[in-house]
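Novice: I am attaching a structure below and will ask some questions about it afterwards.
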Amino acid sequence: MTSGSTQLSIPSVSQRRYSTLLLVVAGLGGLLYGVDVGIIGGALPYLEATSGLTAGQLSVIVAAVLLGSVISTLFAGLLADWMGRKPLMLLSGAIFVISIPVIAISSGYESLFFGRLLQGVSGGLIGVVVPLYLAECLPSSTRGKGTGIFQWFLTLGIVGAAVIGIYYSYRVQAVAQASDAATLFHFKDQAWRRIFWVSLPPGVLFVLGTLFVQESPRWLFRRGHKDRALVALLRSHPAHVAQAELDTMEQVATTSSEQTSSRATVHDTIFRRRYMIPFLLACVILFCNTATGVNSIISYNTGILLQSGLSDLSAHWGYVLFTAVNFLITAIGMSLVDRKGRRFLLILGTTGVIASLITVGTLFLRTERSNLECRTAVQALVSPQQDLSLTFNRAEASRLLQASGYNEQQFNDSSTSLAVIYSYGGFSAATTFVRSDDAAAAPIHITRESCVPANRIEAFFKNPFADLAAAQTAPLKIQRALINRVPATRHGWLVALGLYAFMAFYAVGPGVCVWLALSELMPTRIRSVGMSIALVINQMVSTTLAVLFLPVVSKYGYSTMFFIFAAFTVIYFLTATFLLPETKGKTLEEIEQHFEGVRKI
């Protein structure tokens, strides 16, 4: 008996192959999600240099992915329940494939925004359905590692995007040495388009791989297809294990049915007391996870390193190392998550993230204190048509400093940067930082159209208290024009080290555990809808941070953003320490019963 039982516990060759296929498809889903997050990091410097878009518009382009995620995440749970997990995975992959040519051949702000929005829709669907699918298909003994594969491939997508970025950085450097400014400008314009084209094949592979996997057994069971659910379980589980899982599903379903037999169906939602504790806990964890600033730090990493003192090539290499740290440490986190537990890794990770963010914020604060105000000199350059076009180079930096009464000699041997904050009536905007040593950078170009909304709806969301009619005729007012020395290369690498520490601690803790927390904490009956609502909250926070990042940095400096991120991470640490239960080694049904006990107490 014992021998036969042992043999039955060992998955067959076909079961192991199918489990591998599940992990590969899930990994490809994570890869697409990582490409969604990371691809803009390598493309943004070239898009910024050639598009003529304002800081606000560029922030919106970055945030469009997150906005698309909010939209799709809102309906992803309902779609996953209605369509099934597998069809929704196919749909998300198809949308990603369509988004690439829309972005790569775009010729203006609107088409760029739409393409990035489609990428976000795809990412939002993937972020819900793939972890959900894995949680419902994998046994409890490997669920942590399996869901970690999603996060690991997510980091691989970010690494791949960074490697593509460094390749084009070398190409841009070679063109800069051999060509004139016009040729360099054209090559940079083509570079960001090609970066997006290269991300097309993973989307195609994800769609093809999804065609060969089974539907989720738990979704089939809830739809009344018990025989098909058992068949799906048998693809990856030994026979007696598959039958035991099916029996557990029936037991939980019977218990839940008895508890709710006297209640209306509408009450069987996340708003019932038995579901509120795990639902709210998952929402808080996701909120704080995003509020660490990880998505903004990834998306703007190259720009952050450029402003910290690194050259263009060094900044791209710095970004590659940053993503490599994420990839490698995520692998370590995957090996620990089913041994050390989710709670331990979250406490360890958030502690290191707090220290790293404070360190980077302090480094930037030291350099930002020496900003020089040149507002009056820049205001004098405003044309009678109330717009401004300014090519910022070493000569122009010297002239602005002289006109503002500063001694420009201290900057003679240094590169400088300029950021302009401006307004038309009650609407304000900010340019991105422009460095005086970037010969191919697009001129600072300020127009009314780049600041004043085109209609009352857009005006309401930008500033509900501003007078749109007055802003359409108001003069251009330069609020601030800050020139600062670009810090030394040593300072840039110190900032880079701080960011590497941030990424390492994030990857070993929150990065690995957040998807597990989301899929494990939600009870079975509300898992898909609850995950959608929690991820909507998460994506709304991420979108808000992405939209605000560049304008806040232009006005208050990078230090302010890093200190804000650190404050939210403190809340994350306290939540993990005092509120989060350990879930390692437990089935989804056992975790649900734990929160039943909390409610009864």
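Just so you know, we're using the numbering used here here: the sequence shown kicks off at 60 and counts up by one.
Note that CB positions come from ideal geometry on N, CA and C, so glycine has one too.
Nothing here was measured: the structure is a model prediction, and the numbers come from that model.
(1) Can you give the beta carbon distance from residue 535 to residue 447, rounded, assuming they're within the 8 angstroms contact cut?
(2) Could you check whether residue 543 and residue 475 sit closer than 8 angstroms to each other, using their CB atoms as the reference points?
(3) Identify whether residue 448 lies in helix, strand or coil by the three-state DSSP scheme.
(4) By alpha-carbon positions, which one of 94, 213, 190, 143 ends up nearest to residue 566?
(5) Measuring CB to CB, does residue 480 end up less than 8 angstroms from residue 438?
(6) Would you list the residues sitting across from residue 481 in a DSSP beta bridge?
(7) Among the residues of its own chain, which have a CB less than 7 angstroms from the CB of residue 357, if the five just before and after it don't count?
(8) By how many angstroms is the C-alpha of residue 189 removed from the C-alpha of residue 82?
(9) Which one of 196, 192, 529 has the shortest CA to CA distance from residue 300?
(10) Per DSSP, which residues does residue 431 bridge with? Please list them.
(11) Scan the stretch 275–310 and note each continuous alpha helix (DSSP H) run of 4 residues or more that stays entirely inside, going in chain order.
(12) Count the other CB atoms, across all protein chains shown, that sit within 10 Å of the CB of residue 620; report buried if there are 16 or more and exposed otherwise.
(13) Does residue 233 pass the burial test, meaning 16 or more other C-beta atoms within 10 Å, or should it be called exposed?
(14) Apart from the five residues just before and just after residue 377, which ones in its own chain have a Cβ nearer than 7 angstroms to its Cβ?
(15) First and last residue of the beta strand (DSSP E) that includes residue 505?
(16) Can you name, in chain order, every residue of its own chain whose Cβ lies under 7 angstroms from the Cβ of residue 153, other than the five neighbours on each side?
(17) Are the stretch 168–180 and the stretch 115–134 touching by the rule of at least three beta carbon pairs closer than 8 angstroms?
(18) Need the endpoints of the alpha helix (DSSP H) that residue 145 sits in, please.
(19) Rounded to whole angstroms, what's the CA-CA distance from residue 408 to residue 636? Just pull it up for me.
(20) Which class does residue 253 belong to by DSSP, given the choice of helix, strand or coil?
(21) Which stretch, first to last residue, makes up the alpha helix (DSSP H) that contains residue 564?
(22) Kindly list the residues whose CB is nearer than 8 angstroms to the CB of residue 550, restricted to its own chain and excluding five residues on each side of it in sequence; keep chain order.
(23) Could you check the C-alpha separation between residue 464 and residue 166 for me, to the nearest Å?
(24) For the alpha helix (DSSP H) containing residue 366, list its first residue and its last residue.
(25) By how many angstroms is the C-alpha of residue 296 removed from the C-alpha of residue 79?
(26) Enumerate in chain order the residues of its own chain whose CB-to-CB distance from residue 151 is below 7 angstroms, with the five nearest sequence positions on each side excluded.
(27) Per DSSP, what are the beta-bridge partners of residue 494 in this structure?
(28) Which first and last residues belong to the alpha helix (DSSP H) in which residue 385 is found?
(29) Quick check on the DSSP output: the alpha helix (DSSP H) that includes residue 439 runs from which residue to which?
(30) Within a Cβ cutoff of 6 angstroms, which residues of the same chain sit near residue 631, ignoring the five residues on either side of it in sequence?
(31) Return the Cβ separation of residue 569 and residue 361 in integer angstroms, given the expectation that the two are a contact with Cβ distance under 8 angstroms.
(32) Determine the direct distance from the alpha carbon of residue 286 to that of residue 175, and round the result to whole angstroms.
(33) Are there 16 or more other CB atoms within 10 angstroms of the CB of residue 283, so buried, or fewer, so exposed?
(34) Alpha helix (DSSP H) containing residue 192: first to last residue?
Specialist: Judging by the given coordinates:
(1) Residue numbering aside, residue 535 sits at position 476 when the sequence shown is read from its first letter. Residue numbering aside, residue 447 sits at position 388 when the sequence shown is read from its first letter. That belief holds up - the Cβ atoms of residue 535 and residue 447 are roughly 7 angstroms apart, short of 8 angstroms.
(2) Here the question's residue 475 lines up with position 416 in the sequence shown. Here the question's residue 543 lines up with position 484 in the sequence shown. Going by C-beta atoms, residue 475 is nearer than 8 angstroms to residue 543.
(3) Counted from its first residue, the sequence shown places residue 448 at position 389. Strand, per DSSP.
(4) Walking along the sequence shown from the start, residue 566 turns up at place 507. That would be 213, whose Cα lies nearest to the Cα of residue 566.
(5) For the purposes of this step, residue 480 is identified with residue 421 of the sequence shown, where counting begins at 1. For the purposes of this step, residue 438 is identified with residue 379 of the sequence shown, where counting begins at 1. No, these two residues do not count as a Cβ contact at 8 angstroms.
(6) In the sequence shown, the residue the question calls residue 481 occupies position 422. Paired residue(s): 488, 537.
(7) As a working mapping, residue 357 is identified with position 298 in the sequence shown. Cβ within range, chain order: 96, 97, 100, 217.
(8) On the sequence shown, position 23 is the one that residue 82 refers to. On the sequence shown, position 130 is the one that residue 189 refers to. In this structure, the CA atom of residue 82 is about 10 angstroms from the CA atom of residue 189.
(9) Residue 300 sits at position 241 when you count from the first residue of the sequence shown. For the residues 196, 192, 529, the minimum Cα distance to residue 300 belongs to 196.
(10) To locate residue 431, count along the sequence shown from 1; it is residue 372. Answer is 542, bridged to residue 431.
(11) 276–281, 285–293
(12) Taking the first residue of the sequence shown as position 1, residue 620 is located at position 561. Residue 620 is buried by the Cβ-count criterion.
(13) One-based indexing of the sequence shown puts residue 233 at position 174. It is exposed - the Cβ of residue 233 has fewer than 16 other Cβ atoms within 10 Å.
(14) On the sequence shown, position 318 is the one that residue 377 refers to. Hits under 7 angstroms: 364, 369, 555.
(15) Locating residue 505 in the sequence shown gives position 446, where the first residue counts as 1. Under the DSSP assignment, residue 505 falls in the beta strand (DSSP E) whose first and last residues are 503–505.
(16) Counting from one through the sequence shown, the residue named residue 153 turns up at place 94. Result list for residue 153: 266, in chain order.
(17) Three or more pairs of CB atoms, one per stretch, sit closer than 8 angstroms, so the stretch 168–180 contacts the stretch 115–134.
(18) Counting from 1 along the sequence shown, the entry for residue 145 is found at position 86. Taken as a continuous stretch (DSSP letters only), the alpha helix (DSSP H) holding residue 145 covers 144–163.
(19) Your numbering for residue 408 matches position 349 in the sequence shown. Your numbering for residue 636 matches position 577 in the sequence shown. Approximately 12 angstroms between the Cα atoms of the pair.
(20) By 1-based counting over the sequence shown, the position of residue 253 is 194. It is helical.
(21) As a position in the sequence shown, residue 564 is number 505, starting the count at 1. Counting along the chain, the alpha helix (DSSP H) containing residue 564 begins and ends at 548–565.
(22) Translated into the one-based positions of the sequence shown, residue 550 becomes position 491. Closer than 8 angstroms at Cβ, skipping near neighbours: 367, 368, 422, 426.
(23) For the purposes of this step, residue 464 is taken as the residue at position 405 of the sequence shown. For the purposes of this step, residue 166 is taken as the residue at position 107 of the sequence shown. The alpha-carbon atoms of residue 464 and residue 166 are separated by roughly 42 angstroms.
(24) Position 307 of the sequence shown, counting from 1, holds the residue named residue 366. Under the DSSP assignment, residue 366 falls in the alpha helix (DSSP H) whose first and last residues are 360–367.
(25) Counted from its first residue, the sequence shown places residue 79 at position 20. Counted from its first residue, the sequence shown places residue 296 at position 237. If I take the Cα positions, the gap works out to 12 angstroms.
(26) Translated into the one-based positions of the sequence shown, residue 151 becomes position 92. The answer, listed in chain order, is 181, 184, 185, 188.
(27) Within the sequence shown, the letter at position 435 stands for residue 494. DSSP, once it has assigned bridges, lists 476 as partnering residue 494.
(28) As a working mapping, residue 385 is identified with position 326 in the sequence shown. That run of the alpha helix (DSSP H) goes 371–396.
(29) As a position in the sequence shown, residue 439 is number 380, starting the count at 1. It is not in any alpha helix (DSSP H) - residue 439 carries neither H nor E in the DSSP assignment.
(30) In the sequence shown, the residue the question calls residue 631 occupies position 572. Sequence-distant Cβ neighbours of residue 631 in its own chain, meaning closer than 6 angstroms and more than five residues away, are 347, 409.
(31) Within the sequence shown, the letter at position 510 stands for residue 569. Within the sequence shown, the letter at position 302 stands for residue 361. Their Cβ separation, rounded to whole angstroms, is 23 angstroms, which puts residue 569 and residue 361 out of contact at 8 angstroms.
(32) As a first step, residue 175 must be located in the sequence shown, where it is residue number 116. As a first step, residue 286 must be located in the sequence shown, where it is residue number 227. C-alpha separation (whole angstroms): 41 angstroms.
(33) As a position in the sequence shown, residue 283 is number 224, starting the count at 1. With fewer than 16 Cβ atoms within 10 Å of its Cβ, residue 283 is classed as exposed.
(34) The count along the sequence shown starts at 1 and reaches residue 192 at position 133. First-last of the alpha helix (DSSP H) with residue 192: 168–196.
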